[in-house]
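Visitor:
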Amino acid sequence: MVSTSAQSRQPGARRRRSGRVHPAWGVAAVAFVALVGAAGFRAAPGVLMVPLHDELGWSTSLMSLAVSVNLVLFGLTAPFAAALMERFGMRRVVACALLLIAAGAALSSRAQAAWQLLPTWGLLIGLGTGSMALVFAATVADRWFVRRRGLVIGVLTAGSATGQLSLLPVVAVTSDALGWRTALLVVAGAALAVVPLVLALLRDRPLDLGVLPYGAEPTVAQVAQAPAARGGAAGRALAALRTASRRPAFWGLAGAFAICGATTNGLVGVHFVPSAHDHGMATTTAAGLLAVVGIFDIAGTIASGYLTDRVDPRLLLLAYYAFRGMGLLVLPSLLGPSVHPSMLLFVVVYGLDWVATVPPTAVLCRELFGSAGTVVFGWVFASHQLGAAVAAGAAGVLREQTGTYTAAWLGGAALCAVAAVLSVSLRRVPRQEVPPPASP
34 MVSTSAQSRQ
44 PGARRRRSGR
54 VHPAWGVAAV
64 AFVALVGAAG
74 FRAAPGVLMV
84 PLHDELGWST
94 SLMSLAVSVN
104 LVLFGLTAPF
114 AAALMERFGM
124 RRVVACALLL
134 IAAGAALSSR
144 AQAAWQLLPT
154 WGLLIGLGTG
164 SMALVFAATV
174 ADRWFVRRRG
184 LVIGVLTAGS
194 ATGQLSLLPV
204 VAVTSDALGW
214 RTALLVVAGA
224 ALAVVPLVLA
234 LLRDRPLDLG
244 VLPYGAEPTV
254 AQVAQAPAAR
264 GGAAGRALAA
274 LRTASRRPAF
284 WGLAGAFAIC
294 GATTNGLVGV
304 HFVPSAHDHG
314 MATTTAAGLL
324 AVVGIFDIAG
334 TIASGYLTDR
344 VDPRLLLLAY
354 YAFRGMGLLV
364 LPSLLGPSVH
374 PSMLLFVVVY
384 GLDWVATVPP
394 TAVLCRELFG
404 SAGTVVFGWV
414 FASHQLGAAV
424 AAGAAGVLRE
434 QTGTYTAAWL
444 GGAALCAVAA
454 VLSVSLRRVP
464 RQEVPPPASP
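In the working numbering, the protein residues as written are 34 to 473.
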């Protein structure tokens, strides 16, 4: 007979025997909704750049610079946000991040000059989105799940796509009907609406509810059950970078993920709508095609998470980058004033591939760098956003210099080939812990 005291030490086992849904799934659901609410700004720049240029004459390159600042901060904030979540908890960090996004979008609606987008689109929203994004998904998966970790990362990553899918047509239609300022207030409202849910229902660790992570045994759950980290978040983030950067695998992951960011957020996310508009396609039609990308992004990312639990992640990355490169290679010949079957095929393939790279990359970080894997993934994600920022700015300059985006699309295709080689060249080694900073 098992004693009462023994049962009290195994709350996860009691929950499994009682047949109740593990609370990890509730935490994942709240995280999903938070990511949906934070994704509104991803829908805004590509849709609003055309009306801002037509109405106010604002330079495409200056607006692209504001987006580039956003993408840089989006990435550079991520590893520090991961460390802050270890120190202060996910709930506080995520709530503050959503408030920053709402403030940035609301203040952007009052902009009177293009440079004012730099502190709003760039600084405030960059810090807010960077404090959540993919490191939030990785933190939830690492803390709350032992089994189904890849699937959970895939589902949570799809939350951003769901936010873009649901808000992109709303932002486009609102901009056409009521103006771009009102469209930005919609983005602010979406982020603000999620804050009460996060404060009420998001839990930082399984220990807060007296349970083990999903699929864990008591001996396996020690890291996830550990109390909040002490010490400076910046020190922890930088220590993880110093240790990880000594290994070639880190640079392979970071280089490939930088190209991932360049060919998604940087190129297609920001410049697909203006490029389609150059070829005579209506802005709302092009925005609708990006919404379809969002639909298939959800399916592709969840499927990628499922496959990551079963297939060598390196091979998955090889396939994803190869398909993405082929899509960009043919995109210049597909753009035109109307939607045709070949364009729809591109949208479907690109959607399935959009962030399918995230689950295998996050799992490789965990396998290679152990308990520091989430913070290391934050740095890898920073490279993703740096790549996106460079691509967003460079594509805007190329458009103004050449009058077309063709060079940008072909350059992206070539970069995808490089990412495929980097990914398949990663050597899988037994998991190695990256130690936390030494105590004084």
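Even for Gly, the Cβ is constructed at its ideal location relative to N, Cα and C.
Can you tell me which of the three DSSP states Y247 falls into?
Guide: The residue you call residue 247 lines up with position 214 of the sequence shown. Three-state DSSP puts Y247 in a strand.
Visitor: Does the stretch 374-394 come close enough to the stretch 325-342 that 3 or more CB-CB pairs lie under 8 Å?
Guide: Segments in contact, yes.
Visitor: Nearest by alpha-carbon distance to L242: which of T276, R176 and M165 is it?
Guide: In the sequence shown, the residue the question calls residue 242 occupies position 209. The residue with the shortest Cα to Cα distance from L242 is R176.
Visitor: Starting from V219 and walking both ways along the alpha helix (DSSP H), at which residues does that stretch end?
Guide: For the purposes of this step, residue 219 is taken as the residue at position 186 of the sequence shown. Annotation: the continuous alpha helix (DSSP H) that includes V219 extends over W213 to L234.
Visitor: Looking only at C-alpha atoms, which of T297, A166, G268 and V451 sits nearest to A128?
Guide: Within the sequence shown, the letter at position 95 stands for residue 128. When only C-alpha atoms are compared, the closest one is A166.
Visitor: Beta-carbon within less than 8 Å of V391's beta-carbon, same chain only, minus the 5 sequence neighbours each way: which residues are those?
Guide: Stepping through the sequence shown from its first residue, residue 391 is reached at position 358. Excluding sequence positions up to five before and after V391, its CB lies within less than 8 Å of the CB of L167, A170, I186, G187, T190, T334 and S337, all in the same chain and listed in chain order.
Visitor: Tell me F178's beta-bridge partners as DSSP assigns them.
Guide: Translated into the one-based positions of the sequence shown, residue 178 becomes position 145. DSSP output for F178 lists Y247 as bridge partner(s).
Visitor: A184: which of W58, A115, A71 and V231 sits nearest, CA to CA?
Guide: For the purposes of this step, residue 184 is taken as the residue at position 151 of the sequence shown. The sequence shown places Leu at residue 184, rather than the Ala named in the question. Per the C-alpha coordinates, the member of W58, A115, A71 and V231 positioned closest to L184 is W58.
Visitor: What's the C-alpha gap between A254 and V244?
Guide: To locate residue 254, count along the sequence shown from 1; it is residue 221. To locate residue 244, count along the sequence shown from 1; it is residue 211. Model confidence at A254 stands at a pLDDT of 45, short of 50, so the residue's coordinates are unreliable; what they give is reported in the following sentence. Cα-Cα distance, rounded: 10 Å.
Visitor: Taking only the alpha-carbon atoms, compute the straight-line gap between D311 and L368 and give it to the nearest angstrom.
Guide: Mapped onto the sequence shown, residue 311 falls at position 278. Mapped onto the sequence shown, residue 368 falls at position 335. Near 9 Å, if we compare the C-alpha coordinates of L368 and D311.
Visitor: Can the beta-carbon of A287 be found closer than 8 Å to that of W412?
Guide: Working through the sequence shown from its first residue, we reach residue 287 at position 254. Working through the sequence shown from its first residue, we reach residue 412 at position 379. In contact: A287 and W412 (Cβ atoms closer than 8 Å).
Visitor: When you compare the CB positions of T162 and M123, do they come within less than 8 Å of one another, or not?
Guide: In the sequence shown, counting from the first residue as 1, residue 162 sits at position 129. In the sequence shown, counting from the first residue as 1, residue 123 sits at position 90. In this structure, M123 does not lie closer than 8 Å to T162 by Cβ.
Visitor: Using DSSP with H/G/I as helix, E/B as strand and the rest coil, what is L459?
Guide: One-based indexing of the sequence shown puts residue 459 at position 426. In this structure, DSSP gives L459 a state outside helix and strand, which the three-state scheme calls coil.
Visitor: Look at the alpha carbon of A272 and the alpha carbon of L200, and state the distance between them as a whole number of angstroms.
Guide: As a position in the sequence shown, residue 272 is number 239, starting the count at 1. As a position in the sequence shown, residue 200 is number 167, starting the count at 1. Roughly 38 Å between the two C-alpha positions.
Visitor: Taking contact to mean 3 or more Cβ pairs, one atom from each stretch, closer than 8 Å, check whether the stretch 214-228 and the stretch 136-143 are in contact.
Guide: yes
Visitor: Does the stretch 357-367 come within contact of the stretch 412-427, defined as at least 3 CB pairs closer than 8 Å?
Guide: no
Visitor: Using CA coordinates, which residue listed in G299, D87, E250 and W91 is at the minimum distance from D209?
Guide: Indexing the sequence shown from 1 puts residue 209 at position 176. Closest option to D209, Cα to Cα, is D87.
Visitor: Compare the beta carbon distance of G155 and L106 with 8 Å and say whether it is the shorter of the two.
Guide: Counting from one through the sequence shown, the residue named residue 155 turns up at place 122. Counting from one through the sequence shown, the residue named residue 106 turns up at place 73. In this structure, L106 lies closer than 8 Å to G155 by Cβ.
Visitor: Residues in the same chain with beta-carbon distance under 7 Å from A135, minus the five sequence neighbours each way, listed in chain order, please.
Guide: Stepping through the sequence shown from its first residue, residue 135 is reached at position 102. So the qualifying residues of the chain are A221, A224 and L225.
Visitor: Using the beta-carbon count (16 or more within 10 Å), is Q418 buried or exposed?
Guide: Residue 418 sits at position 385 when you count from the first residue of the sequence shown. With 16 or more other Cβ atoms within 10 Å, it is buried.
Visitor: Quick one: which unbroken alpha helix (DSSP H) runs of 4-plus residues sit fully inside the stretch 115-144? Chain order, please.
Guide: Within the stretch 115-144, the complete alpha helix (DSSP H) runs of at least 4 residues are 123-141.
Visitor: Less than 8 Å between the C-beta atoms of S416 and L351, yes or no?
Guide: For this step, residue 416 is matched to residue 383 along the sequence shown. For this step, residue 351 is matched to residue 318 along the sequence shown. Not a contact, by the Cβ cut-off of 8 Å.
Visitor: Alpha helix (DSSP H) containing R347: first to last residue?
Guide: Within the sequence shown, numbered from 1, the residue matching residue 347 stands at position 314. Element bounds for R347: P346 to L367.
Visitor: Can you tell me whether V54 is buried or exposed, with buried defined as 16 or more other CB within 10 angstroms of its CB?
Guide: For the purposes of this step, residue 54 is identified with residue 21 of the sequence shown, where counting begins at 1. It is exposed - the Cβ of V54 has fewer than 16 other Cβ atoms within 10 Å.
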